[in-house]
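Some notes on the structure that comes next.
Protein chains: 2
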Amino acid sequence: MTSDRQPYQRIMRVCGGLPIDSTPVWFMRQAGRYMEEYRRLRQRYSLLELCRSPELAAEVTLQPIKRFDLDAAIIFADILLPLEALGVPFHFAKGEGPVLEKPVRQASDVHALDVVDAEERLSFVYQAIELVRSRLEPDITLIGFAGAPFTVASYLIEGGHSRHFVKTKLFMYEQAEAWHTLMSTLADVTLRYLQRQAKAGAQLIQLFDSWVGILGRHEYSEYVLPYSARILRALQESGIRTVHFGTGTGAMLDLIKRAGGTVIGVDWRVDLSEVWDLLGDKTILQGNLDPVVLLASPERVKEAVLRILDQTQGRPHIFNLGHGILPETPPENVETAIQQVRQWSSTNRER
Amino acid sequence: MTSDRQPYQRIMRVCGGLPIDSTPVWFMRQAGRYMEEYRRLRQRYSLLELCRSPELAAEVTLQPIKRFDLDAAIIFADILLPLEALGVPFHFAKGEGPVLEKPVRQASDVHALDVVDAEERLSFVYQAIELVRSRLEPDITLIGFAGAPFTVASYLIEGGHSRHFVKTKLFMYEQAEAWHTLMSTLADVTLRYLQRQAKAGAQLIQLFDSWVGILGRHEYSEYVLPYSARILRALQESGIRTVHFGTGTGAMLDLIKRAGGTVIGVDWRVDLSEVWDLLGDKTILQGNLDPVVLLASPERVKEAVLRILDQTQGRPHIFNLGHGILPETPPENVETAIQQVRQWSSTNRER
Numbered sequence: 000m001t002s003d004r005q006p007y008q009r010i011m012r013v014c015g016g017l018p019i020d021s022t023p024v025w026f027m028r029q030a031g032r033y034m035e036e037y038r039r040l041r042q043r044y045s046l047l048e049l050c051r052s053p054e055l056a057a058e059v060t061l062q063p064i065k066r067f068d069l070d071a072a073i074i075f076a077d078i079l080l081p082l083e084a085l086g087v088p089f090h091f092a093k094g095e096g097p098v099l100e101k102p103v104r105q106a107s108d109v110h111a112l113d114v115v116d117a118e119e120r121l122s123f124v125y126q127a128i129e130l131v132r133s134r135l136e137p138d139i140t141l142i143g144f145a146g147a148p149f150t151v152a153s154y155l156i157e158g159g160h161s162r163h164f165v166k167t168k169l170f171m172y173e174q175a176e177a178w179h180t181l182m183s184t185l186a187d188v189t190l191r192y193l194q195r196q197a198k199a200g201a202q203l204i205q206l207f208d209s210w211v212g213i214l215g216r217h218e219y220s221e222y223v224l225p226y227s228a229r230i231l232r233a234l235q236e237s238g239i240r241t242v243h244f245g246t247g248t249g250a251m252l253d254l255i256k257r258a259g260g261t262v263i264g265v266d267w268r269v270d271l272s273e274v275w276d277l278l279g280d281k282t283i284l285q286g287n288l289d290p291v292v293l294l295a296s297p298e299r300v301k302e303a304v305l306r307i308l309d310q311t312q313g314r315p316h317i318f319n320l321g322h323g324i325l326p327e328t329p330p331e332n333v334e335t336a337i338q339q340v341r342q343w344s345s346t347n348r349e350r
Numbered sequence: 000m001t002s003d004r005q006p007y008q009r010i011m012r013v014c015g016g017l018p019i020d021s022t023p024v025w026f027m028r029q030a031g032r033y034m035e036e037y038r039r040l041r042q043r044y045s046l047l048e049l050c051r052s053p054e055l056a057a058e059v060t061l062q063p064i065k066r067f068d069l070d071a072a073i074i075f076a077d078i079l080l081p082l083e084a085l086g087v088p089f090h091f092a093k094g095e096g097p098v099l100e101k102p103v104r105q106a107s108d109v110h111a112l113d114v115v116d117a118e119e120r121l122s123f124v125y126q127a128i129e130l131v132r133s134r135l136e137p138d139i140t141l142i143g144f145a146g147a148p149f150t151v152a153s154y155l156i157e158g159g160h161s162r163h164f165v166k167t168k169l170f171m172y173e174q175a176e177a178w179h180t181l182m183s184t185l186a187d188v189t190l191r192y193l194q195r196q197a198k199a200g201a202q203l204i205q206l207f208d209s210w211v212g213i214l215g216r217h218e219y220s221e222y223v224l225p226y227s228a229r230i231l232r233a234l235q236e237s238g239i240r241t242v243h244f245g246t247g248t249g250a251m252l253d254l255i256k257r258a259g260g261t262v263i264g265v266d267w268r269v270d271l272s273e274v275w276d277l278l279g280d281k282t283i284l285q286g287n288l289d290p291v292v293l294l295a296s297p298e299r300v301k302e303a304v305l306r307i308l309d310q311t312q313g314r315p316h317i318f319n320l321g322h323g324i325l326p327e328t329p330p331e332n333v334e335t336a337i338q339q340v341r342q343w344s345s346t347n348r349e350r
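Protein sequences appear in the order of chains A and B.
Heads up: the first sequence at position 80 corresponds to 79 in numbering that gives the first Met the number 0, and the numbers run straight through without jumps.
Heads up: the second sequence at position 248 corresponds to 247 in numbering that gives the first Met the number 0, and the numbers run straight through without jumps.
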């Protein structure tokens with residue numbers, strides 16, 4: 000890798016329709032508890048302390064890059080960070096996930112959100128991005144991200160993790176005006192947050208609508224799509240490439256694509272070949288190994304990776320999981336998966 | 000309703016391709032905690048005590064029939080009852096769902112299952128079915144059911160509810176032979192259990208593969224489909240009509256249909272019109288109101304019911320939820336939904 004040539008970022012080349020020498024690969028939650036390096040830091044710092052310290056966040060972001068042959072670093076942050084900036088504090092309860100002290104339950108809670116300049120209160124994220132970009136090899140893409148309005152709204156309303164998303168859906172059905180105000184607010188704040196991430200050095204932006212698969216198509220179209228679309232279109236108009244990701248979206252992928260995104264991220268429930276049939280061969284897909292496969296034997300990992308790659312048939316693809324790496328994942332299996340992507344690419348890709 | 004004419008079971012007429020005067024309607028978990036009558040019984044008896052007493056199970060089965068204008072009663076039972084019969088005891092822990100004392104974790108656990116005549120140890124279910132059938136008006140269909148092999152296997156292996164189904168998938172990947180033995184065993188026992196239910200008076204059988212949507216298409220095809228198909232085909236060959244139901248199946252509905260079932264049950268994530276486009280207009284669909292909608296206002300309930308009915312366009316349909324009724328459901332909303340089905344049918348159906 001020499002510094003006197005143009006950077007060769009595979010992911011950005013795929014996004015730009017350029018030829019590549021290997022299918023690019025990165026993993027959602029590639030910096031995390033499955034890595035000993037990360038667990039050592041977590042003995043001294045909480046998750047939120049790591050996020051709020053640009054130096055520590057940069058260090059964690061770079062941990063998997065030092066260890067694996069990855070095509071992207073994703074800034075270490077949490078999709079709930081904007082909640083604090085909006086004046087809704089939360090903490091992580093042991094074994095329970097996030098707990099919000101004052102969930103949003105009515106219109107007045109929506110109006111009480113501290114929206115003005117909320118993105119300014121997340122400057123530690125931008126500083127971490129600047130640090131990572133200055134330390135990252137130029138051939139590796141730096142990814143910024145945020146939770147999509149629906150997924151963030153669901154945490155705001157439920158007050159934490161949820162199984163049936165009853166409070167969120169009832170808010171949507173019964174307080175439609177407040178819902179639309181909330182989604183519009185979240186879309187605006189999220190857009191400004193992501194624009195600042197891009198300005199700080201994030202070259203690709205992933206919008207995580209992780210829980211949107213709990214909705215029906217009508218609900219997604221009416222209550223969610225316009226707000227994700229507002230963010231994704233504005234970024235596109237600024238020349239910023241995006242990944243639009245959700246889980247359980249097998250029955251709404253056409254709508255996800257309609258909402259926008261340079262790349263559509265899908266989970267393991269779908270076959271990539273069928274998604275291309277549905278959305279068109281030129282659609283750039285990201286995914287979609289089941290994270291559980293990375294807990295299996297190396298043979299199963301290789302088989303499952305090949306099964307995905309063999310569906311591509313020259314269509315534009317960024318290899319990833321279908322959701323985040325599980326904490327129990329052996330790092331050797333991450334290595335095995337990457338090697339399989341590289342090996343397959345060396346015989347199946349034209350340079 | 001007179002006894003000197005032929006029974007007019009709308010559900011069985013839909014299954015047989017006959018004209019009907021109204022879209023048939025029933026609700027998964029229509030006997031349950033949302034009804035005061037049920038809660039009163041539960042103050043005195045546990046869930047399993049209700050299941051094991053034919054008299055009480057019959058009483059609970061008939062509670063919603065007395066209160067609502069439903070087209071079917073579904074026998075009150077639990078999909079885990081066969082576990083006990085197989086020698087795997089379990090109990091329900093408060094707020095946690097089922098807890099198995101000895102989960103299946105290796106091949107020897109599979110071989111230790113007490114398979115021979117397991118269905119004989121579930122005779123209380125058949126007795127309850129006989130009691131209900133004798134008390135039920137002839138125009139109302141009696142539905143029997145069982146968990147499909149995958150969903151039952153997932154409980155057997157996880158030992159209770161699960162979020163990621165890690166143990167189940169790893170068992171599938173790493174102990175494939177034991178997995179196939181387990182699934183084959185469950186298919187055989189389940190088939191005999193369902194045949195006995197039919198013999199006792201269940202006119203329609205629903206196979207609940209509630210959690211199958213956690214799988215990818217390849218896994219479903221290779222590890223699950225053959226076993227559900229074995230049950231559904233054998234029932235069909237005996238002239239027994241079936242409903243094949245799962246949630247989160249939007250990306251595998253063609254495979255669900257391939258596995259079999261007179262009727263395909265779908266959850267709220269799909270639009271019925273698109274499922275008919277995919278599976279063919281003659282496919283009989285059951286569903287698919289989001290159970291959360293029944294917690295909303297009557298206006299929202301009516302709207303959502305109409306949105307489903309208006310997609311049917313004369314195609315064969317049994318109205319239901321996309322999953323079980325939630326305990327917080329106001330019974331008035333169940334009434335409202337049924338009335339909406341009847342009212343829509345009176346203007347949209349030709350007799």
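By construction, the Cβ of each residue, glycine as well, lies at the ideal position given by its N, Cα and C atoms.
Going along the chain, which residues of its own chain have a beta-carbon closer than 8 Å to the beta-carbon of A/T1, five neighbours each way excluded? The pLDDT assigned to A/T1 is 48, lower than 50, so where the model puts this residue is not dependable, and the model offers no usable value.
Please identify the residue among B/I324, B/F91 and B/I213 whose C-alpha is closest to the C-alpha of B/L80. B/F91
Say whether the stretch 164-172 of chain B touches the stretch 113-120 of chain B, bearing in mind that this needs 3 or more beta-carbon pairs closer than 8 Å, one atom from each stretch. no
When DSSP labels each residue in this structure, what does B/Q205 get in the three-state scheme? strand
Which residues in the same chain as B/L82 place their Cβ atom closer than 8 Å to its Cβ, once the five residues preceding and following it in sequence are excluded? P88, F89, L99, V151, Y154 and L155
Contacts of B/H163 in chain A (Cβ-Cβ under 8 Å): P290, V291 and L325
Once the 5 residues before and after B/R350 are set aside, which same chain residues still bring their CB inside 8 Å of it? Here B/R350 scores only 45 on pLDDT, less than 50, and its place in the model is too uncertain to base an answer on.
If you draw a straight line from the C-alpha of B/M27 to the C-alpha of B/F244, how long is it? 11 Å
Tell me whether A/H90 sits in a helix, a strand or coil according to DSSP, three-state version. strand
Where does A/L277 land, buried or exposed, given buried means 16+ other C-beta within 10 angstroms? exposed
What residues from chain B crowd round A/H217, counting only those whose CB sits closer than 7 Å? R306
My parser needs the alpha helix (DSSP H) runs of 4 or more residues fully inside the stretch 36-74 of chain B; what are they? 46-51 and 53-66
Taking A/D415 as the query, report the chain B residues whose CB atoms sit under 9 Å from its CB, ordered along the chain. Examination of residue 415 of chain A is not possible in this model, given that chain A is present from 0 through 350 alone.
Can you give the beta carbon distance from A/L294 to A/L320, rounded, assuming they're within the 8 Å contact cut? With 8 Å as the limit, A/L294 and A/L320 do not qualify as a contact, their Cβ atoms being about 12 Å apart.
Which first and last residues belong to the alpha helix (DSSP H) in which A/H110 is found? A106 to H110
By Cβ distance, which residues of its chain are closer than 7 Å to B/E334, with the 5 residues on each side in sequence left out? F67
Measure the C-alpha to C-alpha separation of B/I307 and B/L231 and round it to an integer number of angstroms. 27 Å
So, are the CB atoms of A/Y226 and A/P102 less than 8 Å apart? no
Identify, in the order they occur along the chain, each residue of the same chain with its Cβ nearer than 6 Å to the Cβ of B/A177, setting aside the five sequence neighbours on each side. A106 and V109
Ignore the nearest five residues each way along the sequence and tell me which others in A/P326's own chain have a CB closer than 6 Å to its CB. R32 and Y33
What residues from chain B crowd round A/A357, counting only those whose CB sits closer than 7 Å? What the structure shows of chain A is the stretch from 0 to 350, and residue 357 of chain A is not part of that stretch, so it cannot be assessed.
How long is the line joining the alpha carbons of A/A253 and A/G247, rounded to whole angstroms? It should be pointed out that residue 253 of chain A corresponds to Asp in this sequence rather than to Ala. Their Cα atoms are separated by approximately 13 Å.
Nearest candidate by alpha-carbon position, reference A/F164, set A/G212, A/W275 and A/S45: A/G212
What's the C-alpha gap between B/C14 and B/G313? 14 Å
CB-CB under 6 Å to B/A233, same chain, minus the five flanking residues each way: which ones, in chain order? L190
DSSP bridge partner residues for B/L141 (one or two, in chain order): B/A72
For the beta strand (DSSP E) containing A/I263, list its first residue and its last residue. V262 to G264
Indicate whether at least one CB of chain E lies closer than 8 Å to the CB of B/G247. In the structure shown, chain E does not exist; the protein chains are A and B.
DSSP-derived helix/strand/coil call for B/G16: coil
Within the 8 Å Cβ cut-off, does B/T1 reach chain A? Low local confidence applies: a pLDDT of 48 at B/T1 is under 50, so the model's placement there is unreliable, with the coordinate-based value given in what follows. Chain A, which has no Cβ nearer than 8 Å to the Cβ of B/T1, makes this no.
With 8 Å as the threshold, decide whether the Cβ of B/W267 is near any Cβ in chain A. yes
Since A/V340 is in the alpha helix (DSSP H), which residue starts that stretch and which ends it? P330 to N347
In the DSSP assignment, find the unbroken alpha helix (DSSP H) run with A/V124 in it and report its ends. S122 to R134
Keeping to the same chain, check which residues put their C-beta closer than 6 Å to that of B/L85; ignore five residues upstream and five downstream. L112, D113 and A117
Pull up the distance between the alpha-carbon of B/A76 and that of B/L69, whole angstroms please. 19 Å
Under the three-state DSSP convention, the category B/R350 falls into: Note that B/R350 has pLDDT 45, beneath the 50 cutoff, so the model's placement of it is unreliable and no number is given.
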